[in-house]
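Below you'll find the structure, written out as structure tokens, and then a few comments.
Residue numbers (this note's numbering): 1 to 979.
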């Protein structure tokens with residue numbers, strides 16, 4: 001009797017040649033991990049080693065499982081579902097594997113694979129597979145030998161031995177038709193002898209010797225296509241591998257279930273350059289989904305009828321039932337499914353999003369935008385790929401943009417199906433989407449009809465509920481236009497103010513005020529000398545009075561020139577606010593030290609000169625002239641202001657009338673056009689649908705124009721109504737709309753800056769925690785292995801120098817790890833006693849080398865050494881470290897003696913340096929978040945220091961400058977902290 005035989009090439013055809021590519025292959029391996037009840041599946045592409053590792057923490061396999069299931073083609077995960085689920089304490093999962101060939105996809109990643117797997121309660125199983133043997137021309141599958149070994153605890157796999165067995169088997173089967181195959185496989189297998197697989201495993205985050213449970217694949221070398229799949233086709237698009245692996249589980253829609261499997265893909269460019277490419281934040285977040293312009297949520301029943309809601313521009317959800325005419329009372333083959341879709345407007349000015357948020361979400365949409373399909377919570381490929389418009393959204397839009405509102409790359413969301421309810425939606429063997437059967441055709445048609453009907457109802461001109469969209473769109477456009485106008489106005493006013501401040505500081509630096517005062521003084525003295533030579537006392541007195549008036553006018557002009565008016569109604573940036581404070585201090589200093597002394601001197605000199613003349617006449621002339629000039633100038637200034645206000649009011653009134661007239665003309669033009677079109681249209685022969693569409697269209701045109709004009713006129717009316725003044729006290733202190741806008745704008749800007757800076761602080765804190773955690777774990781492993789190495793070194797003289805060098809280096813590294821200990825607040829439930837000598841030792845460990853290299857002396861007083869206080873180390877240590885770090889930075893640029901002094905006084909710790917001190921005007925700014933004079937400074941150090949100290953009842957201040965010292969900071973200790 002004849003029987004089927006299986007060629008070795010069948011494996012290659014069903015695996016590498018069948019799968020769509022490396023991204024799909026990795027996705028298949030992630031799905032296998034899901035079926036093995038793994039909680040994490042991690043892939044590591046170690047570029048500089050040309051190795052790829054993928055592992056999971058699932059159930060793993062015993063030798064019997066590996067040989068009887070994994071090496072047997074066609075055995076799906078379902079074949080072992082009952083035993084696996086019974087042995088696993090977690091909830092039952094929907095099994096994704098169907099055909100039992102997805103595991104063969106690993107051949108696409110590289111030519112050979114080392115498999116390490118362990119089931120709980122069983123020994124580790126190791127196997128080496130070179131996928132090239134499945135290219136043999138004339139070999140049956142049963143003739144191929146796959147080496148499989150079981151390892152004892154702590155034993156490492158003998159990869160070279162397994163490779164030799166593969167080559168031995170290959171020599172017996174290779175023929176002349178397999179030219180070059182043996183040499184290629186031999187070359188690949190030889191790479192294992194040059195590769196430290198223990199190191200490779202460690203880079204991927206696990207230990208081969210203590211691998212507890214799960215399955216790992218080490219692939220060496222990798223296919224050149226892997227690196228190519230990590231390169232984006234264009235700057236705006238995502239790399240093919242990211243487009244495929246991102247969003248493996250649904251984490252973007254509100255209320256989504258917790259992912260059963262967390263996936264990671266790390267790209268190792270170098271030992272210290274590793275990136276997680278598919279982090280959840282890289283994908284769409286729930287917050288981004290909720291912030292979208294429009295939302296469409298609901299479910300399609302077994303007849304294709306939609307029941308759900310539509311939300312336009314974040315408004316209240318509107319019920320939207322929709323029938324599918326093609327059902328005709330017959331259940332669909334595709335089955336019921338859910339839809340949760342978000343959409344972003346194509347133009348920023350029409351979106352409700354902040355411009356910055358809009359830019360960020362558009363960037364993400366360009367990379368990952370599209371409608372994803374999730375079966376039992378796991379993504380079905382390639383749906384969601386921004387290049388795979390499976391609903392022909394863009395094709396339909398190009399035919400008629402007015403009828404087809406949606407753009408595929410502006411939508412993101414999920415269609416949720418299940419294996420139980422949608423069993424006839426079957427994936428192709430190569431994971432290239434669903435097979436095009438009747439179920440899939442219905443599935444697409446239902447969703448296409450939904451998008452078409454939603455566009456007609458809500459977004460098309462004349463749609464039954466299109467006014468909601470139109471009103472929102474116009475409101476957003478108006479707000480964006482106002483925002484841009486305001487932004488431009490603020491930018492110009494700030495720029496003008498900044499230029500005026502620059503001019504002021506330049507004048508002060510060049511001593512221009514002193515020079516002008518000297519000129520005024522010289523003019524007065526010259527007038528006095530001339531008056532002394534005048535024969536007429538009256539003429540001399542008149543000359544002196546005119547000289548005084550001229551001098552006083554010049555001093556007022558100087559004072560006015562020194563005044564930089566802060567722009568009213570404009571909130572200043574943090575930098576401008578600091579410069580404004582510095583300006584006020586500098587101007588006050590110039591007025592008190594230059595202008596006011598000049599005024600007193602002129603008064604004194606002229607008074608003495610007047611005594612030589614007719615004193616009474618001189619004083620009368622001085623009084624009359626001064627008062628007359630003051631009244632005249634005041635009247636002129638006030639008159640000009642009244643004239644400007646009256647002109648502005650007339651201009652506004654005229655402009656408002658013009659706008660009202662234009663609005664009336666625009667509405668009448670549309671109204672007349674609609675009436676003419678209605679009169680000229682024969683409706684007697686129209687169908688009901690055509691009549692309804694015409695009526696809605698004509699009504700919509702005139703109503704939408706009226707709505708637009710009313711919105712514009714009401715907005716102007718509200719602005720005029722808002723131009724009101726409230727006064728307090730005597731009525732001279734009026735609060736205008738500009739003042740209110742300035743206050744609101746200042747608060748918004750401050751909150752925006754604070755939010756961004758707080759987010760950076762959170763990221764820094766998380767990063768430090770992660771680094772510390774990983775560092776501690778790695779150090780623990782190194783410490784344990786060094787103990788084991790010690791016993792070997794004691795018995796082997798050749799290992800002793802190596803062990804000694806490693807021990808010294810490790811102790812140095814471990815010492816740095818201990819520096820983190822005082823910084824962990826969670827280690828201390830209560831404040832502990834802190835001794836000055838402990839702080840001194842800590843600072844010595846941290847700064848010794850740096851201070852020595854920079855020639856800086858750290859001087860610590862006896863009072864500090866003997867200090868004993870009760871505080872949280874995580875509060876005090878970072879503050880002192882930050883102060884010394886700052887002092888060291890600035891002293892390294894100082895040419896004099898470089899000394900940092902630490903002292904302790906009752907209730908106070910002082911940190912002083914011998915440098916130039918803090919610049920004038922920066923005394924309080926140094927404690928502000930984001931302020932720094934360092935070229936690359938973050939501006940967090942002293943801000944955080946003050947915050948953490950105040951949280952624990954302490955504080956930090958900058959002491960007044962001392963002649964022989966630079967900056968001196970005082971840490972004010974909490975009450976009752978002294979021991």
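Beta carbons are placed, not taken as given, at the ideal position from N, Cα and C, and that holds for glycine.
If you scan the region 867 to 913 from start to end, which runs of the beta strand (DSSP E) of 3 or more residues do you find wholly inside it?
Within the region 867 to 913, the beta strand (DSSP E) runs of at least 3 residues that lie entirely inside it are, in chain order, 868 to 871, 899 to 905, 908 to 913.
Q.
Applying the 10 Å Cβ sphere with the 16-neighbour rule, what's the burial state of residue 898?
A. Answer is buried; the Cβ neighbour count reaches 16.
For residue 322 versus residue 306, is the C-beta distance shorter than 8 Å?
-> yes
Q. What distance in whole Å lies between the Cβ atoms of residue 36 and residue 54, which are believed to be in contact at a cut-off of 8 Å?
A. Wrong, their Cβ atoms sit about 13 Å apart, outside the cutoff.
**Study point:** Length at least 3, wholly inside the region 108 to 185: the beta strand (DSSP E) runs in chain order
**Key:** Those beta strand (DSSP E) runs which fall completely within the region 108 to 185 and span 3+ residues are 112 to 118, 124 to 130, 148 to 151.
Can the beta-carbon of residue 606 be found less than 8 Å from the beta-carbon of residue 524? Inclusion of residue 606 and residue 524 in the CB contact set at 8 Å is warranted, their separation being smaller than that value.
Quiz item: Which of helix, strand or coil does DSSP assign to residue 982?
Solution: This structure cannot speak to residue 982, because the chain is shown only from 1 to 979.
How about residue 462 and residue 696: do their beta carbons lie closer than 8 Å? yes
DSSP three-state call for residue 955: helix, strand or coil? In the three-state scheme derived from DSSP, where H, G and I count as helix and E and B as strand, residue 955 is classed as strand.
- Pick helix, strand or coil for residue 319, following the three-state DSSP scheme. Strand at residue 319.
Would you kindly work out how many angstroms separate the C-alpha atoms of residue 980 and residue 563, rounded to a whole number? This structure cannot speak to residue 980, because the chain is shown only from 1 to 979.
Express the C-alpha separation of residue 196 and residue 203 in angstroms, rounding to a whole number.
-> 11 Å
Counterpart residues of residue 338 in DSSP-defined beta bridges: 299, 416
**Q.** Those residues which DSSP pairs with residue 294 across a bridge
**A.** 312, 343
Option in 281, 267, 162 with minimal Cα separation from residue 275
267
Given residue 859, which residues of its chain have a CB within under 8 Å of its CB, disregarding the five upstream and five downstream residues?
899, 900, 901, 902
Looking only at its chain, what residues have a beta carbon closer than 7 Å to the beta carbon of residue 792, apart from the 5 residues adjacent to it on each side? Within the same chain, residue 792 has close Cβ partners 799.
- Message: Just verifying my parser: in three-state terms, what is the DSSP assignment at residue 61?
- Response: Reduced to three states, the DSSP call for residue 61 is coil.
Next on the checklist: Does residue 140 pass the burial test, meaning 16 or more other C-beta atoms within 10 Å, or should it be called exposed?
Outcome noted: exposed
Any chance the region 146 to 161 sits against the region 113 to 133, with 3 or more Cβ pairs inside 8 Å? yes
**Q.** Cα-Cα separation, residue 943 to residue 575
**A.** If you draw a straight line from the Cα of residue 943 to the Cα of residue 575, it is about 16 Å long.
Once the 5 residues before and after residue 705 are set aside, which same chain residues still bring their CB inside 6 Å of it?
667, 670
Just the C-alpha distance for residue 194 and residue 931, rounded to the nearest angstrom, thanks.
The C-alpha of residue 194 lies about 52 Å from the C-alpha of residue 931.
Helix or strand or just coil, what does DSSP make of residue 859? strand
DSSP bridge partner residues for residue 229 (one or two, in chain order)
Residue 229 pairs with nothing; no bridge assigned.
_Alpha carbons only, please: which of 117, 875, 492, 886 is nearest the one belonging to residue 952?_
875
Original post:
Do residue 843 and residue 884 have their C-beta atoms within less than 8 Å of each other?
Top reply: yes
| message | According to DSSP, simplified to helix, strand and coil, what is residue 669? | response | helix
Exercise for the section: Determine which residues share a DSSP beta bridge with residue 411 and list them. Expected result: DSSP output for residue 411 lists 343 as bridge partner(s).
- prompt: In terms of alpha-carbon separation, which member of 182, 922, 45, 70 lies closest to residue 582?
  reply: 922
**Message:** If I measure Cβ to Cβ from residue 58 and keep anything under 7 Å in the same chain, skipping five residues before and after, which residues do I get?
**Reply:** The beta carbon of residue 58 lies closer than 7 Å to those of 33, 36, 37, 38, 214, 215 in the same chain, with the five residues before and after it left out.
| query | Hey, would you say residue 24 sits closer than 8 Å to residue 105, going by beta carbons? | reply | yes
Start-to-end residues for the beta strand (DSSP E) that takes in residue 422
It is not in any beta strand (DSSP E) - residue 422 carries neither H nor E in the DSSP assignment.
ask   = So what's residue 215 in DSSP terms, helix, strand or just coil?
value = strand
Any contact between the region 60 to 68 and the region 275 to 286? By contact I mean 3 or more CB pairs, one from each, below 8 Å.
no
Looking at the strands, I want to know which residues DSSP matches up with residue 427. 434
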